[in-house]
Amino acid sequence: MTSKKINLVYGLNGTGKSTISNFLYEPHDLAFAQCRKTPEQSAPILVYNQKFIRDNFFVADSLKGIFSLSKENAAAEQKIAEATKKQSELEQSLQSKRSAKEHVNHEFLEQKQNAVEEVWNIKKTYTGGDRVLEYCLEGLKGQKEKLFAHLQGITKPTEEPDKTIQVLRKEVEALKGGDAQPQQRMDSLTFQAHVVESDPIFGKSILGNTDSEVAALIEQLGNSDWVKQGLAYLPDDGLGGSQVQCPFCQESTISAKFVDSVKSYFDASYQKQLDALDELSKRYRAAIEALPVLSTFTDHPFAQERKSGISDKYQLATSALRANVGKIEEKIKSPKAPVSLSDTTDALTDFNKEVIAINILIDEYNKRLQNREATLAKLNDEFWQLMRWQYDQTISRFDQDRQSTNQKLKDLDAEIANINSELAKVREQITEAQKQTVNVDAAVDAINAGLLDLGIDGFSVKKHSENLYRIVRAGDSMDAFHSLSEGEKMMISFLYFCELCKGKSSADDIHTQRIVVIDDPISSLSHVYIFNVGQLIRTVFFRDDRFCQVFVLTHSLYFFYELTDLNYDRREKTQKLF
Numbered sequence: 084m085t086s087k088k089i090n091l092v093y094g095l096n097g098t099g100k101s102t103i104s105n106f107l108y109e110p111h112d113l114a115f116a117q118c119r120k121t122p123e124q125s126a127p128i129l130v131y132n133q134k135f136i137r138d139n140f141f142v143a144d145s146l147k148g149i150f151s152l153s154k155e156n157a158a159a160e161q162k163i164a165e166a167t168k169k170q171s172e173l174e175q176s177l178q179s180k181r182s183a184k185e186h187v188n189h190e191f192l193e194q195k196q197n198a199v200e201e202v203w204n205i206k207k208t209y210t211g212g213d214r215v216l217e218y219c220l221e222g223l224k225g226q227k228e229k230l231f232a233h234l235q236g237i238t239k240p241t242e243e244p245d246k247t248i249q250v251l252r253k254e255v256e257a258l259k260g261g262d263a264q265p266q267q268r269m270d271s272l273t274f275q276a277h278v279v280e281s282d283p284i285f286g287k288s289i290l291g292n293t294d295s296e297v298a299a300l301i302e303q304l305g306n307s308d309w310v311k312q313g314l315a316y317l318p319d320d321g322l323g324g325s326q327v328q329c330p331f332c333q334e335s336t337i338s339a340k341f342v343d344s345v346k347s348y349f350d351a352s353y354q355k356q357l358d359a360l361d362e363l364s365k366r367y368r369a370a371i372e373a374l375p376v377l378s379t380f381t382d383h384p385f386a387q388e389r390k391s392g393i394s395d396k397y398q399l400a401t402s403a404l405r406a407n408v409g410k411i412e413e414k415i416k417s418p419k420a421p422v423s424l425s426d427t428t429d430a431l432t433d434f435n436k437e438v439i440a441i442n443i444l445i446d447e448y449n450k451r452l453q454n455r456e457a458t459l460a461k462l463n464d465e466f467w468q469l470m471r472w473q474y475d476q477t478i479s480r481f482d483q484d485r486q487s488t489n490q491k492l493k494d495l496d497a498e499i500a501n502i503n504s505e506l507a508k509v510r511e512q513i514t515e516a517q518k519q520t521v522n523v524d525a526a527v528d529a530i531n532a533g534l535l536d537l538g539i540d541g542f543s544v545k546k547h548s549e550n551l552y553r554i555v556r557a558g559d560s561m562d563a564f565h566s567l568s569e570g571e572k573m574m575i576s577f578l579y580f581c582e583l584c585k586g587k588s589s590a591d592d593i594h595t596q597r598i599v600v601i602d603d604p605i606s607s608l609s610h611v612y613i614f615n616v617g618q619l620i621r622t623v624f625f626r627d628d629r630f631c632q633v634f635v636l637t638h639s640l641y642f643f644y645e646l647t648d649l650n651y652d653r654r655e656k657t658q659k660l661f
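Rendered as structure tokens:
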């Protein structure tokens, strides 16, 4: 359909004019299985082309009967007029509903296309690049509709999946990459000198021999540690009979007797306890030195995500151990002063919790690696569960659009069915009335008159039966058609077509509005007839309101201009040129 009643199409041979007319003549032909008319028309399309000529001459060697409404009786005419008006109203309503249905379908197609394009972003995002997750889209990368249908068929998870896309990517990469090898478990951080921290010696005040002459004084002053340190500054070879300088007051007050008294205070028992402290210190330091360095843990591939926690807890544990070393040193320097070492068990246990958590991941990974294919399949499922969750808004919106569209189409189909039912009743009324008004003789007379108007008097068309007529010459040959020239064949067929368009091809033809397509009616005619054919088209089709649209296709530029209205304003209103 176009915006103008008259449509003139000019084109050289081979440009597709006949293809168009052949499709409109037989739209259900297999050659046109992929073609369709938009929008659908309730008005019949009458086509004149070479197929029309073959169907009406070569096959039957006769013309179909043409029924005219020129001699209706008064009662039938009144019934037909009323029913025809009702039919026109129903056909307009039917066309409106069909257009609405087409609009709904078109709108839904756009909505679906938008949803399909959004979902196609999955393919754009996860194919190419590192290709880690591309295996999840195997068989879905080539067709947008297929990918959309796949995602649509997945049930939305009840809650957001635990694994992010980064986690899935990492797990797949660990299974498919070149480093996909079993991983060693991490050793716990074990400290071998925990017993030192609870040794009772650190809580004792280590004192010398109370029987020494200076014991009471040292105890009273509480300076045994200070005095013990002073002994280191006295000569190793003894004092003899002289007095030596005191290492603290710098006066010559230290006698051999005094030195012996002091030394007797720091007896073997005292020294044994100091030796025990020294042994505990060495043991504790050795255990610390035996601890693995931090990088032993943080360099493990599975420790990367917990690296910060591991580092912090390692520092806490080792700091507590070093603090205890300082306290042990203080005790050795000041044996009399009790000290309390920190229990580092909790700090080490807290660190080892990190190791345990990592070992669980390592065990799970090694197990997945042993069942690689099953694990990859599970990860594929988890990938699509995540995609379904992330694209739920798109899928839900599409489902709502689909439900709304289906309801609209259901309502429109019901309305169309009702209209068609009403149309069937009205057409039956018209058919019953027309049975009394059909007149074949009037059509035959009109065709013969048209032949004479064109200067053709060597043959005529005569009534053959009640609804058929045939071509005969003066000698009444039974096969007169085959003796006609191509031009005469075309002229007769075109006159027949004109009468078919003006009347009805059968008693059941009840349409009042028609679309006419004429494909090169002058292709085999001499220039003598071009003007007459042009006048015939103008008279029969251009000026008759029964024809809502007329399409004339021609390869003749002369004939094209013959039909063109030379008045510009009038042509703009009624004609469209192609």
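Residue numbering for the sequence shown follows this note's numbering, starting at 84 and increasing by one per position.
Beta carbons are placed, not taken as given, at the ideal position from N, Cα and C, and that holds for glycine.
Because the structure is a prediction, the values reported are computed rather than measured.
Between the CA atoms of Met84 and Leu636 - distance to the nearest angstrom: The residue you call residue 636 lines up with position 553 of the sequence shown. The residue you call residue 84 lines up with position 1 of the sequence shown. Using only the alpha carbons, I get a separation of about 15 Å.
Beta strand (DSSP E) segment containing Cys584, residue limits: By 1-based counting over the sequence shown, the position of residue 584 is 501. Where Cys584 is concerned, there is no enclosing beta strand (DSSP E), although the alpha helix (DSSP H) it sits in stretches over 569–585.
Gln161 in three-state terms, based on DSSP: On the sequence shown, residue 161 is found 78 positions in, with the first residue counted as 1. Three-state result, Gln161: helix.
Distance, Lys396 Cα to Asn306 Cα: Locating residue 306 in the sequence shown gives position 223, where the first residue counts as 1. Locating residue 396 in the sequence shown gives position 313, where the first residue counts as 1. Because the pLDDT of Asn306 is 48, which lies under 50, any placement of that residue in the model is unreliable, and the number read from its coordinates should be weighed accordingly. Distance between the alpha carbons of Asn306 and Lys396 is about 40 Å.
Ile598 classed as buried or exposed, judged by whether at least 16 other C-beta atoms fall within 10 angstroms: Within the sequence shown, numbered from 1, the residue matching residue 598 stands at position 515. Per the 10 Å Cβ criterion, buried.
For Phe274, three-class secondary structure by DSSP: Position 191 of the sequence shown holds residue 274. Coil.
Given Lys207 as reference, the closest of Tyr218, Pro283, Ile478, Lys224 once Cα atoms are compared: As a working note, residue 207 is residue 124 in the sequence shown. Ranked by Cα distance from Lys207, the first of Tyr218, Pro283, Ile478, Lys224 is Lys224.
Neighbourhood of Leu608 by C-beta distance below 8 Å, restricted to the same chain and skipping five residues each side: Reading the sequence shown from its first residue, position 525 is the one you call residue 608. Excluding sequence neighbours, Leu608 sits near Gly570, Met573, Met574, Val616.
Cβ-Cβ distance between Val279 and Arg405 below 8 Å: Against the sequence shown, residue 279 aligns to sequence position 196. Against the sequence shown, residue 405 aligns to sequence position 322. Contact flag unset, no.
Closest by C-alpha distance to Ala116, when choosing among Glu200, Pro122, Phe106: Locating residue 116 in the sequence shown gives position 33, counting from the first residue. If we check each option's Cα against that of Ala116, Phe106 comes out closest.
Status (buried if at least 16 other CB within 10 Å, exposed otherwise) for Ser391: Mapped onto the sequence shown, residue 391 falls at position 308. Result: exposed.
From Leu377, Ser479, Ala114, Phe624, residue whose alpha carbon lies closest to that of Leu234: The residue you call residue 234 lines up with position 151 of the sequence shown. Minimum Cα distance to Leu234 is reached at Ser479.
Rounded C-alpha distance that separates Pro122 from His189: As a position in the sequence shown, residue 122 is number 39, starting the count at 1. As a position in the sequence shown, residue 189 is number 106, starting the count at 1. If you take the alpha carbons of Pro122 and His189, they lie about 12 Å apart.
Under 8 Å between C-beta atoms of Phe274 and Ala370: Numbered from its first residue, the sequence shown carries residue 274 at position 191. Numbered from its first residue, the sequence shown carries residue 370 at position 287. Yes, Cβ-Cβ distance for Phe274 and Ala370 is below 8 Å.
Lys168 in three-state terms, based on DSSP: Reading the sequence shown from its first residue, position 85 is the one you call residue 168. Here Lys168 sits in helix by DSSP.
Residue(s) in a DSSP beta bridge with Leu660: Your numbering for residue 660 matches position 577 in the sequence shown. Paired residues: Leu91.
Helix, strand or coil at Arg268 according to DSSP, with G and I counted as helix: Position 185 of the sequence shown holds residue 268. If DSSP states are grouped into helix, strand and coil, Arg268 belongs with coil.
Distance between Gly538 and Ala532 (C-alpha atoms, nearest Å): Locating residue 532 in the sequence shown gives position 449, where the first residue counts as 1. Locating residue 538 in the sequence shown gives position 455, where the first residue counts as 1. Rounded to whole angstroms, Ala532 to Gly538 spans 10 Å at the Cα level.
Beta-carbon gap between Gln632 and Asp648 smaller than 8 Å: Position 549 of the sequence shown holds residue 632. Position 565 of the sequence shown holds residue 648. Not in contact: Gln632 and Asp648 (Cβ atoms no closer than 8 Å).
Classification of Thr247 by the beta-carbon crowding that lies within 10 angstroms, buried from 16 upward: Position 164 of the sequence shown, counted from the start, is the residue given in the question as residue 247. The residue in question, Thr247, is exposed, as its Cβ has fewer than 16 Cβ neighbours within 10 Å.
For Leu300, three-class secondary structure by DSSP: Taking the first residue of the sequence shown as 1, we reach residue 300 at position 217. A caution first: Leu300 carries a pLDDT of 47, below 50, which makes its placement in the model unreliable, though a value can still be read off. Helix.
beta-carbon Ala126 near the ligand MG non-hydrogen atom, thresh 7 Å: Annotation note on the ligand MG: not contained in the displayed structure, which lists no ligands.
Contact belief for Val600 with Ser182 at Cβ below 8 Å, rounded distance in angstroms: For the purposes of this step, residue 600 is taken as the residue at position 517 of the sequence shown. For the purposes of this step, residue 182 is taken as the residue at position 99 of the sequence shown. Between Val600 and Ser182 the beta-carbon gap is near 22 Å, outside 8 Å, which marks them as no contact.
Inter-residue Cα distance where the pair is Cys584 and Ser125: For this step, residue 584 is matched to residue 501 along the sequence shown. For this step, residue 125 is matched to residue 42 along the sequence shown. Roughly 16 Å separates the two Cα atoms.
For Val599, three-class secondary structure by DSSP: Along the sequence shown, one-based indexing puts residue 599 at 516. Three-state DSSP puts Val599 in a strand.
6 Å Cβ shell around Lys184 - same chain, five flanking residues per side excluded: The residue given as residue 184 occupies position 101 in the sequence shown. Its chain contains Leu495 as the residues whose beta carbon lies nearer than 6 Å to that of Lys184, once the 5 sequence neighbours on both sides are disregarded; these appear in chain order.
Boundaries of the alpha helix (DSSP H) in which Gln398 is found, first to last residue: Taking the first residue of the sequence shown as 1, we reach residue 398 at position 315. Its alpha helix (DSSP H) spans residues 390–416.
CB of Ala386 within 8 Å of CB of Ala430, strictly: Translated into the one-based positions of the sequence shown, residue 386 becomes position 303. Translated into the one-based positions of the sequence shown, residue 430 becomes position 347. Their beta carbons are not under 8 Å apart, which means Ala386 does not touch Ala430 by this criterion.
Which listed residue (Pro375, Leu91, Ser176) has its alpha carbon closest to that of Met269: For the purposes of this step, residue 269 is taken as residue 186 along the sequence shown, with counting starting at 1. Nearest C-alpha to Met269: Pro375.
Endpoints, the alpha helix (DSSP H) within which Tyr108 is located: The residue you call residue 108 lines up with position 25 of the sequence shown. First-last of the alpha helix (DSSP H) with Tyr108: 100–108.
8 Å Cβ shell around Cys66 - same chain, five flanking residues per side excluded: With the chain covering 84 to 661 only, the question about residue 66 has no answer from this structure.
Ala143 (DSSP reduced to helix, strand or coil): Counted from its first residue, the sequence shown places residue 143 at position 60. Because the pLDDT of Ala143 is 42, which lies under 50, any placement of that residue in the model is unreliable, and the question is left without a value.
Gln124 in three-state terms, based on DSSP: Indexing the sequence shown from 1 puts residue 124 at position 41. Of the three classes helix, strand and coil, the one that applies to Gln124 here is coil, per DSSP.
At least three beta-carbon pairs within less than 8 Å, the stretch 409–416 to the stretch 225–232: no
The stretch 209–219 contacting the stretch 248–259, beta-carbon criterion three pairs below 8 Å: yes
Euclidean distance between Cα positions of Arg368 and Ile439: For the purposes of this step, residue 368 is taken as residue 285 along the sequence shown, with counting starting at 1. For the purposes of this step, residue 439 is taken as residue 356 along the sequence shown, with counting starting at 1. Each residue's alpha carbon lies about 26 Å from the other.
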